[in-house]
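2 protein chains.
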Amino acid sequence: MALTPLIMTIHERVVRPRFSSRLKPPPADTIEKNDHGVIIAGFGRFGQVVGRLLIANGIRPTVLEQDAAQIEILRRFGFKVFYGNAGRLELLQAAGAEEARLLILALDDAEVTLQIAEEVRRNFPKLTILARARDRTHAYELMRRGVTLVIRETFGSAMDMGQEALRQLGFRPHRANRLARLFRQHDERAMKEMFNISGDEKAYILESRRQFELVAQVMQNDKEEAAEESEPDENSPTR
Amino acid sequence: MALTPLIMTIHERVVRPRFSSRLKPPPADTIEKNDHGVIIAGFGRFGQVVGRLLIANGIRPTVLEQDAAQIEILRRFGFKVFYGNAGRLELLQAAGAEEARLLILALDDAEVTLQIAEEVRRNFPKLTILARARDRTHAYELMRRGVTLVIRETFGSAMDMGQEALRQLGFRPHRANRLARLFRQHDERAMKEMFNISGDEKAYILESRRQFELVAQVMQNDKEEAAEESEPDENSPTR
Chain A
176 MALTPLIMTI
186 HERVVRPRFS
196 SRLKPPPADT
206 IEKNDHGVII
216 AGFGRFGQVV
226 GRLLIANGIR
236 PTVLEQDAAQ
246 IEILRRFGFK
256 VFYGNAGRLE
266 LLQAAGAEEA
276 RLLILALDDA
286 EVTLQIAEEV
296 RRNFPKLTIL
306 ARARDRTHAY
316 ELMRRGVTLV
326 IRETFGSAMD
336 MGQEALRQLG
346 FRPHRANRLA
356 RLFRQHDERA
366 MKEMFNISGD
376 EKAYILESRR
386 QFELVAQVMQ
396 NDKEEAAEES
406 EPDENSPTR
Chain B
176 MALTPLIMTI
186 HERVVRPRFS
196 SRLKPPPADT
206 IEKNDHGVII
216 AGFGRFGQVV
226 GRLLIANGIR
236 PTVLEQDAAQ
246 IEILRRFGFK
256 VFYGNAGRLE
266 LLQAAGAEEA
276 RLLILALDDA
286 EVTLQIAEEV
296 RRNFPKLTIL
306 ARARDRTHAY
316 ELMRRGVTLV
326 IRETFGSAMD
336 MGQEALRQLG
346 FRPHRANRLA
356 RLFRQHDERA
366 MKEMFNISGD
376 EKAYILESRR
386 QFELVAQVMQ
396 NDKEEAAEES
406 EPDENSPTR
């Protein structure tokens, strides 16, 4: 890979190796609560997108990030970010965890996310947690700890890619969008249902295959509906 | 973390460490082309979601995966997957790259993705590539290599999380959805525009801040529109 210009790493990437030797750790921050009761832990490529959407809508989250290099960059981009480890209770407390409305766990580290979720459930039982999961496995681990608002970190983009693939293969944008939406609804429902049997290998595989046949059936039925709506050219776009 | 039951690793996770000692590498596969002219390289948590959407819609991609343990699991789940490194030209050729309609690069490794993209551009110039990017930086690298259909691997899920956060803060589902859609449109347009200055640090930071103010303005204007449509309770959901 060609040398990536420094600037390009900013929005969504941590440039630890290049920066950390030059930076001394920032002084201990005095965390301030925000008016809107939202805390974001982790402000890398994932947390930033969440945060930017909130900020653009007038909501000012209290952002905690423990990578000094990342903070340095974020500040140049105009973000207010506090230095610190969201796993430390006193830090979450300072950020207002006691009375906050929402804690967004957007860390890259799946293991640390589980630890924080457990600590928070125990110490701030009223606080709603919205968590980034690595994958389905990690999502189940979070659900087991009582975190029900879980977003798998690549699922949404994979759905976007699938939708784009359908378009490239000749599906109309509107139709590709609809099929992706149906698929997603089915997948999210199935995931919740299958949580209960996630410890039983055989049952899980069987149910997974059954669910997949079900969703294919849903797509197929929807195709027929589309045909009735006279969109015949979209029924065999790949031939 | 509690020991994860084996079964749970299946859908979206590679269990290399547990499996690879037990498995001998599979015999060299005879790759078959598929009727629909779609090749997917990489069938981990990301590629599987893309593939499942396509398969559910009657499209049978030729899937290449180079992790033997992953393939073993995928086959138990009923997926037809070929063992092999998508970076090898003769393998892509066997998969039908010459006449395929679409190559989906869904690998986890950003560096390998760039290498394959370059090779494919050179050897199969007519083949459309749809690529998974690690982040904005990596997306720019792909664009520099002539790949224009690029999906950042966590962007979609981060948008989903932002939308869910808005809902949790009292925005109506329909409105949260609309705001996320506006934000996404803006971000994707801005990314394409900013590609041209991505090598110039100062200009990039300035433009990034300007774009962020722009999108906040768009959200704000949209709020006002919403107010005119008499949805007054959604204008200050977090107070």
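Residue numbers (our numbering), protein chains in the order written: chain A, 176 to 414; chain B, 176 to 414.
Quick reminder that beta carbons are idealized off the backbone N, C-alpha and C, glycines included.
List the residues of chain B whose Cβ lies closer than 8 Å to the Cβ of residue i, in chain order.
i                         : result
asparagine 396 of chain A : Correct list: empty, because the minimum Cβ distance to chain B is about 11 Å.
isoleucine 279 of chain A : Met336, Ala340
Got a sec, what are the start and stop residues for the alpha helix (DSSP H) residue i sits in?
i                         : result
valine 225 of chain A     : 220 to 231
isoleucine 214 of chain B : That residue, isoleucine 214 of chain B, is in no alpha helix (DSSP H); its beta strand (DSSP E) goes 213 to 216.
aspartate 335 of chain B  : 330 to 343
alanine 351 of chain A    : 348 to 369
asparagine 298 of chain B : 285 to 298
arginine 320 of chain B   : Per DSSP, arginine 320 of chain B belongs to no alpha helix (DSSP H) and is neither H nor E.
glutamate 274 of chain B  : Taken as a continuous stretch (DSSP letters only), glutamate 274 of chain B belongs to no alpha helix (DSSP H), as it is neither H nor E.
glutamate 265 of chain A  : 264 to 269
Can you give the beta carbon distance from residue i to residue j, rounded, assuming they're within the 8 Å contact cut?
i                            : j                            : result
leucine 305 of chain A       : valine 295 of chain A        : That belief does not hold up - the Cβ atoms of leucine 305 of chain A and valine 295 of chain A are roughly 12 Å apart, past 8 Å.
glutamate 388 of chain A     : methionine 369 of chain A    : Going by Cβ atoms, the distance from glutamate 388 of chain A to methionine 369 of chain A rounds to 14 Å, so no, they are not a contact pair.
valine 393 of chain A        : histidine 361 of chain A     : 6 Å
leucine 228 of chain A       : alanine 270 of chain B       : Their Cβ separation, rounded to whole angstroms, is 39 Å, which puts leucine 228 of chain A and alanine 270 of chain B out of contact at 8 Å.
glutamate 293 of chain B     : arginine 320 of chain B      : 5 Å
alanine 285 of chain A       : arginine 311 of chain A      : Rounded, the Cβ-Cβ distance is 12 Å, inconsistent with contact.
alanine 314 of chain A       : methionine 366 of chain A    : 7 Å
arginine 251 of chain A      : isoleucine 380 of chain B    : 6 Å
valine 322 of chain A        : glycine 337 of chain B       : That belief does not hold up - the Cβ atoms of valine 322 of chain A and glycine 337 of chain B are roughly 18 Å apart, past 8 Å.
methionine 331 of chain B    : aspartate 335 of chain A     : In the sequence under discussion, the amino acid at residue 331 of chain B is glycine, which differs from the methionine named in the question. Indeed, because the Cβ distance is near 4 Å, the residues count as touching under 8 Å.
phenylalanine 221 of chain B : glutamate 339 of chain B     : Going by Cβ atoms, the distance from phenylalanine 221 of chain B to glutamate 339 of chain B rounds to 21 Å, so no, they are not a contact pair.
alanine 231 of chain A       : alanine 391 of chain B       : 4 Å
alanine 272 of chain A       : phenylalanine 254 of chain A : So it is not a contact: roughly 21 Å between Cβ atoms.
Report the neighbours of residue i on chain B: residues whose CB is nearer than 9 Å to its CB, in chain order.
i                            : result
glutamate 303 of chain A     : Note that residue 303 of chain A corresponds to threonine in the displayed sequence, not to glutamate. Chain B residues near threonine 303 of chain A: Gln343.
phenylalanine 387 of chain A : Arg227, Ile230, Ala231, Phe252, Gly253
Return the first residue and the last residue of the beta strand (DSSP E) that residue i is part of.
i                         : result
aspartate 327 of chain B  : It is worth fixing the name first, because residue 327 of chain B is arginine in this sequence and not aspartate. Segment 324 to 327, the beta strand (DSSP E) holding arginine 327 of chain B.
arginine 307 of chain B   : 303 to 308
valine 256 of chain A     : Where valine 256 of chain A is concerned, there is no enclosing beta strand (DSSP E), given that its DSSP letter is neither H nor E.
threonine 237 of chain A  : 237 to 240
isoleucine 279 of chain A : 277 to 280
What residues from chain B crowd round residue i, counting only those whose CB sits closer than 7 Å?
i                      : result
valine 224 of chain A  : Phe330, Ala333, Met334, Gly337
alanine 292 of chain A : Those do not exist, as alanine 292 of chain A stays about 11 Å from chain B at its closest Cβ, beyond 7 Å.
What residues of chain A sit near residue i, judged by a beta carbon separation below 9 Å?
i                     : result
valine 155 of chain B : A query on residue 155 of chain B cannot be resolved here, the shown segment of chain B reaching from 176 to 414 and no further.
Can you list the residues of chain A that residue i reaches, using a CB-CB cut of under 7 Å?
i                            : result
phenylalanine 221 of chain B : Thr329, Ala333
valine 390 of chain B        : Ala231
arginine 347 of chain B      : Within chain A, no residue comes near arginine 347 of chain B; the closest Cβ sits about 13 Å away, beyond 7 Å.
Between the segment 319 to 342 of chain A and chain B, which residues of the former have a C-beta closer than 9 Å to a C-beta of the latter? Residues of the segment 319 to 342 of chain A with a Cβ closer than 9 Å to any Cβ of chain B, in chain order: Arg319, Leu324, Ile326, Arg327, Glu328, Thr329, Phe330, Gly331, Ser332, Ala333, Met334, Asp335, Met336, Gly337, Gln338, Glu339, Ala340, Leu341.
Contact the segment 259 to 266 of chain A vs the segment 391 to 398 of chain B: 3+ CB pairs below 8 Å: They do not touch, by the three-pair rule.
Could you please tell me which residues of the segment 249 to 280 of chain A, in chain order, have their CB closer than 7 Å to any CB of chain B? Within the segment 249 to 280 of chain A, the residues whose Cβ lies closer than 7 Å to some Cβ of chain B are Arg251, Phe252, Gly253, Arg276, Leu277, Ile279, listed in chain order.
Taking any Cβ of chain B, which residues in the segment 349 to 366 of chain A have a Cβ under 7 Å from it, in chain order? Residues of the segment 349 to 366 of chain A whose Cβ lies closer than 7 Å to any Cβ of chain B, in chain order: Leu354, Ala355, Phe358.
Say whether the segment 228 to 240 of chain A touches the segment 208 to 219 of chain A, bearing in mind that this needs 3 or more beta-carbon pairs closer than 8 Å, one atom from each stretch. Flag = yes, the segment 228 to 240 of chain A and the segment 208 to 219 of chain A touch.
Taking 8 Å as the threshold, find out whether the segment 332 to 347 of chain A comes into contact with the segment 272 to 289 of chain B through three or more Cβ pairs. Yes, they touch.
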